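Novice: Just passing along the structure, written as structure tokens.
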Amino acid sequence: MKYVILVSHGKFANGLNDALSMLAGNREDILSVGLENGKSVDEFTALFTEKVKDISNDDDVILLGDIIGGSPYDLTCEHLAFVKNKLVLFFYIPKF
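If you read the sequence shown in our numbering, its first letter stands for residue 113, the second for the next number, and so on.
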């Protein structure tokens, strides 16, 4: 199966997934998790692990993160290291 996974700080990834569902309908192959304000990295990790539990090493994954080297991105890459075919892209928060 092919998956698109969105990870971010705050509600950015979940908001983007919500907007996508308005355009394309609810899709089980698009997953999103955000490290929300006040939540710990451990809480993010537990939520992410639950979301991706059905992904196998034979699945294809497109990973979209908000900040290179940010906690959500780093933890996601660690947890998806077993996936053979993945493409990593970024959707940025502009720096002012």
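All residues carry an ideal CB built from backbone N, CA and C; glycine is no exception.
Computed from a prediction, not measured in an experiment: that's the story for all the values here.
1. Which value, in whole angstroms, describes the spacing of the CA atoms of K151 and I180?
2. Is it true that the stretch 136 to 149 meets the stretch 117 to 128, where meeting means three or more beta-carbon pairs spaced less than 8 Å apart?
3. Give a yes or no on whether the C-beta atoms belonging to L187 and V116 are separated by under 8 Å.
4. In angstroms, rounded to a whole number, what distance separates the CA positions of K196 and E190?
5. With distance defined between alpha-carbon atoms, name the residue in V173, P184, E140, D141 nearest to A60.
Specialist: The relevant details are as follows:
1. 20 Å
2. yes
3. no
4. 13 Å
5. The structure shown does not extend to residue 60, since the chain is modelled only from 113 through 208, so no value can be given for it.
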